[in-house]
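Trainee: So that we are looking at the same thing, I have put the structure below in structure tokens.
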Amino acid sequence: MSLVLKNVVKRVGSETHIYDTSVELKDEGFNILLGTTLSGKTSLIQLMAGLERPTSGEIWFQGKNVTGVPVQKRNVSMVHQQFINYPNFSVFENIASPLRVVRLSRAQIDERVGRVAEMLKLTPMLGRNPNELSGGQQQRTALARALVKDSDLILLDEPLANLDYKLREELRDELPKLFADRGCMVVYATSEPAEALSLGGHTAALHGGQITQYGETAAVYRQPSSLRAAKVFSDPPINSAQVTKKEGRIYLNDQISWAVTPSQEHIADGNYNMAVRAHHITPLPPGGASVQISGRVLVTELSGSESVAHFNLDDQTWISQSHGVHANEVGAVTTFHIDVDRCLFFDLDDKRIAA
Amino acid sequence: MAMKSTNQKAWFFVLPVVVLVAFNALIPLMTVVNYSVQETFGNNVFFFEGVKWFEDVLHSERFHASLLRQLSFTGIILVIEIPLGVAIALTMPQKGFWVSVCLVLMALPLLIPWNVVGAMWNIFALPDIGLLGRMINGIGIDYNFTQDPTAAWFTTILMDVWHWTSLVVLLAYAGLRSIPEAYYQAAKIDGAGSWAVFRHIQLPKMKRVLTIAILLRFMDSFMIYTEPFVLTGGGPGNATTFLSIDLVKIALGQFDLGPAAAMSLIYFLIVLLLCWVFYTLMMKDEDQ
Chain L
111 MSLVLKNVVK RVGSETHIYD TSVELKDEGF NILLGTTLSG KTSLIQLMAG
161 LERPTSGEIW FQGKNVTGVP VQKRNVSMVH QQFINYPNFS VFENIASPLR
211 VVRLSRAQID ERVGRVAEML KLTPMLGRNP NELSGGQQQR TALARALVKD
261 SDLILLDEPL ANLDYKLREE LRDELPKLFA DRGCMVVYAT SEPAEALSLG
311 GHTAALHGGQ ITQYGETAAV YRQPSSLRAA KVFSDPPINS AQVTKKEGRI
361 YLNDQISWAV TPSQEHIADG NYNMAVRAHH ITPLPPGGAS VQISGRVLVT
411 ELSGSESVAH FNLDDQTWIS QSHGVHANEV GAVTTFHIDV DRCLFFDLDD
461 KRIAA
Chain C
1450 MAMKSTNQKA WFFVLPVVVL VAFNALIPLM TVVNYSVQET FGNNVFFFEG
1500 VKWFEDVLHS ERFHASLLRQ LSFTGIILVI EIPLGVAIAL TMPQKGFWVS
1550 VCLVLMALPL LIPWNVVGAM WNIFALPDIG LLGRMINGIG IDYNFTQDPT
1600 AAWFTTILMD VWHWTSLVVL LAYAGLRSIP EAYYQAAKID GAGSWAVFRH
1650 IQLPKMKRVL TIAILLRFMD SFMIYTEPFV LTGGGPGNAT TFLSIDLVKI
1700 ALGQFDLGPA AAMSLIYFLI VLLLCWVFYT LMMKDEDQ
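As you go down the protein sequences, you meet chains L and C in turn.
Take 111 as the starting number for the first sequence in our numbering and just add one per residue.
Take 1450 as the starting number for the second sequence in our numbering and just add one per residue.
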């Protein structure tokens, strides 16, 4: 099973929503579309569903060209960001609605709705109306509607975005179990790197209507192919700066430089963009090679066992994220340590050189 | 101390509303109540009559006849205007240049003063010189709304539909526009047809605005006066004498202040009661 986009372009009026995109989505586990708002996640989902037709290019599903096939004939399910349920149907009728359209027998409908409701913990609510339920239960109903039919492709468009923090975590943990051994493809759009990491599978990083990288989620996270992909997949935002490599050393500015580590030896002399994630800049030196940088702390956030500090260096804001509670007094000049082994290097055409 | 001064201030904020409601509703209403229990003679001589006028009005065949006419009229226009309004709203464009054109065209009838609407339709429907009247007679139907009760009713209803369907259209259109695109996508994915989309998405989502539309149209049409007064004057005979026209005839034509006041109050209570019944029935599902 596979979903292949071949040179897909989507234009609406004079605006381009999706630039020339080619990708072959894997059929095991989740396929995550990771990108910020307006990066094209929803447009791609709608193209994949068949709700929209690409302006040019082709979409192949299970070896067949489905570009012009309307959504009704594609056997897909979809869960939207908003909680979409039929307002005058009970939860039971809502979940049963896709089965009624294909005219299953009463007994079959009862059996399948019962099973899905059990899975999503909706059994006690089956007789109620969706608008009497909490947001989490409404979204569970929508998920149940997507799961009840044997779709070949299930599309989830930021399904957890409108839920509060607790419900989001709860449902996020359940999702992989719900879709395990269903034998269908799952495409999941989200703007949150943490969500992508916890769901695993494969990730496509989206930026400005283009897939900048596609691969295993962990690989895309560790070895972003471009600074843009790295930025999409970082929360808090990744730190980046222009550096110069010269005679075996990397210079951040005139004062701060370090000797290249083994993984950076092959980099040719010249100017590069360097990126380093916030948790690789810490108040305490890391185990391996590191370099000190100092800056005036602008903002500091303590959340439970984590400390985040924004500090200023060369008119640029850097972010440090570390375990434990660190005072990081605002206004004070504080020293941080960059784990130089974890720095990512991109050439000026935004291609990764070294990680 | 601080608590007390806060309370005093709160009264000042409520005061304008209290004064407004008092002058707008309570004081006129009490005057009517005052008239409704007294017999009025010349020179401001009054006699207390108790509930006699109320009994008279409730037993009067004339009142029954106008109430029946009123209920029929309101029933007919609701049955026509609500579905027609929804149907027009469904066919209106969702975006682009034509949206504003349609909205302005729709709003036009609502901007015309009511007596002008009556006068317009009066001339429009005249059998000898009116465009509508001449046309209907021209296709061989004998039509004269000043002489034939059926023609008078037909013209009055047509006028009301022309004047007020727009209101239903505008409300229904607003309701339709507020439905997120995702609902239509979900229905499309389920393979639902356009009737199912209307029945299970659009109609339930429009329920609240349609409730408002029905209530507004009910109240306005139940109290209709100006347009039929200008168009038919309640005639021919009493064929289009609705409650308010009858009321004015009793109060100002015959100067029977007591019965007219009693009738006003009964009229008012009927409107109130029916609105409450409508509202409760239509909102029943919401509270379940």
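Just so you know, even glycine gets a beta-carbon here, dropped at the ideal spot from N, CA and C.
It should be emphasised that the depicted structure is a prediction, and the values quoted were computed from it without experimental measurement.
Return the first residue and the last residue of the beta strand (DSSP E) that L/G325 is part of.
Mentor: 320 to 326 is the span of the beta strand (DSSP E), which, as asked, contains L/G325.
Trainee: Identify every run of the alpha helix (DSSP H) within the stretch 1609 to 1681 of chain C, keeping only runs that are complete inside it and at least 4 residues long; order them along the chain.
Mentor: Fully enclosed alpha helix (DSSP H) runs of 4 or longer: 1630 to 1639, 1643 to 1646, 1652 to 1671, 1675 to 1680.
Trainee: At a Cβ threshold of 8 Å, is C/A1621 touching chain L?
Mentor: So no, C/A1621 is outside the interface.
Trainee: Which of helix, strand or coil does DSSP assign to C/L1520?
Mentor: C/L1520: helix per DSSP, three-state reduction.
Trainee: Which residue wins for smallest C-alpha separation from L/V370, given the options L/A378, L/D364, L/I360?
Mentor: Answer by Cα proximity: L/I360.
Trainee: Which class does L/F193 belong to by DSSP, given the choice of helix, strand or coil?
Mentor: Coil.
Trainee: Please decide whether C/D1736 counts as near chain L, where near means a Cβ-Cβ distance under 8 Å.
Mentor: With a pLDDT of only 49 at C/D1736, under the threshold of 50, the placement of this residue in the model should not be trusted, and no figure is reported.
Trainee: Quick one: grab the DSSP three-state call for C/M1450.
Mentor: Only weak support exists for where C/M1450 lies, its pLDDT of 46 falling under 50; the value from the coordinates is given anyway. Three-state result, C/M1450: coil.
Trainee: Assuming L/L288 contacts L/P269 (C-beta within less than 8 Å), just tell me the rounded distance between them.
Mentor: About 11 Å; that fails the 8 Å criterion.
Trainee: In the DSSP assignment, find the beta strand (DSSP E) that holds L/G380 and state where it starts and stops.
Mentor: Run containing L/G380: 380 to 386, per the beta strand (DSSP E) assignment.
Trainee: Figure out for me which residue from L/Q249, L/D379, L/D364, L/I169 has the closest Cα to the Cα of L/D424.
Mentor: Checked all of L/Q249, L/D379, L/D364, L/I169; the closest Cα to L/D424 is L/D364.
Trainee: Under 8 Å, with one C-beta from each stretch per pair, do the stretch 1456 to 1469 of chain C and the stretch 421 to 440 of chain L reach the 3-pair mark?
Mentor: No: fewer than three Cβ pairs fall under 8 Å.
Trainee: Of all the CB atoms in chain L, is at least one closer than 8 Å to the CB of C/M1450?
Mentor: Confidence in C/M1450 is poor, its pLDDT being 46 and thus under 50, which makes the residue's placement too unreliable to answer from.
Trainee: Could you give the C-beta distance for C/L1664 and C/F1727, rounded to a whole number, given that I count them as a contact under 8 Å?
Mentor: 6 Å between Cβ atoms; contact.
Trainee: Taking C-beta pairs closer than 9 Å, name the residues in chain L that C/Q1634 reaches, listed in chain order.
Mentor: Q156, A159, L161, V181, M188, H190, I194, listed in chain order.
Trainee: Report the neighbours of L/V211 on chain C: residues whose CB is nearer than 8 Å to its CB, in chain order.
Mentor: Ordered by position in chain C, the residues that pass the 8 Å Cβ test against L/V211 are D1639, G1640, A1641.
Trainee: Can you name, in chain order, every residue of its own chain whose Cβ lies under 6 Å from the Cβ of L/L277, other than the five neighbours on each side?
Mentor: Within the same chain, L/L277 has close Cβ partners G246.
Trainee: Determine the DSSP secondary structure at C/Q1737, reduced to helix, strand or coil.
Mentor: Residue confidence for C/Q1737 is low, a pLDDT of 43 falling below 50, so the modelled location carries little weight and cannot support an answer.
Trainee: Can you tell me whether L/H447 is helix, strand or coil according to DSSP?
Mentor: In the structure shown, L/H447 sits in a strand (DSSP, three-state: E or B).
Trainee: Using a Cβ-Cβ cut-off of less than 9 Å, list which residues of the stretch 1647 to 1661 of chain C approach chain L; keep chain order.
Mentor: Answer set for the stretch 1647 to 1661 of chain C: R1648, H1649, I1650, L1652, P1653, K1654, K1656.
Trainee: Quick check on this structure: which residue in L/G160, L/K259, L/E242 has the alpha carbon closest to the alpha carbon of L/S207?
Mentor: Looking at the Cα atoms, L/K259 is the closest of the given residues.
Trainee: Residue ranges of each beta strand (DSSP E) run of no fewer than 3 residues wholly in the stretch 250 to 318 of chain L, ordered along the chain?
Mentor: Counting only runs of 3 or more, we get 263 to 267, 295 to 300, 312 to 317.
Trainee: Where does L/D130 fall in DSSP's three states?
Mentor: The answer is strand: DSSP assigns L/D130 an E or B state.
Trainee: For C/T1750 and C/P1598, what's the separation of their Cα atoms in angstroms?
Mentor: Residue 1750 of chain C lies beyond the residue range present for chain C, which begins at 1450 and ends at 1737; the question has no answer from this structure.
Trainee: Identify every residue that forms a DSSP beta bridge with L/F171.
Mentor: DSSP output for L/F171 lists L/L113, L/K174 as bridge partner(s).
Trainee: Express the C-alpha separation of C/G1534 and L/V226 in angstroms, rounding to a whole number.
Mentor: Going by the C-alpha atoms only, they are around 41 Å apart.
Trainee: State the DSSP-derived secondary structure class of L/L408, mapped to helix, strand or coil.
Mentor: L/L408: strand per DSSP, three-state reduction.
Trainee: For a quick check, are the C-beta atoms of C/D1695 and C/S1485 less than 8 Å apart?
Mentor: Not closer than 8 Å, so no.
Trainee: Roughly how many angstroms lie between the CA atoms of L/P346 and L/L408, to the nearest whole one?
Mentor: Cα to Cα, L/P346 sits roughly 15 Å from L/L408.
Trainee: How many whole angstroms separate the CB atoms of C/I1715 and C/P1708, which I take to be in contact at a CB cut-off of 8 Å?
Mentor: With 8 Å as the limit, C/I1715 and C/P1708 do not qualify as a contact, their Cβ atoms being about 10 Å apart.
Trainee: Using a Cβ cut-off of 7 Å, pull out every chain L residue sitting near C/P1629, in sequence order please.
Mentor: Under the 7 Å cutoff, chain L gives Q192.
Trainee: Taking DSSP as the reference, what is the three-state secondary structure of C/K1698?
Mentor: C/K1698 falls in the helix class under three-state DSSP.
Trainee: Mind checking if L/F199 is an interface residue toward chain C, Cβ cutoff 8 Å exclusive?
Mentor: Yes, L/F199 counts as interfacial toward chain C.
Trainee: If you follow the beta strand (DSSP E) that L/R359 is in, where does it begin and where does it stop?
Mentor: Per DSSP, L/R359 belongs to the beta strand (DSSP E) from 359 to 361.
Trainee: Compute the distance between the beta-carbons of L/I142 and L/T322, then report whether it is under 8 Å.
Mentor: No. Outside cutoff.
Trainee: Look up C/V1463 in the DSSP assignment and say whether it is helix, strand or coil.
Mentor: Three-state DSSP puts C/V1463 in a helix.
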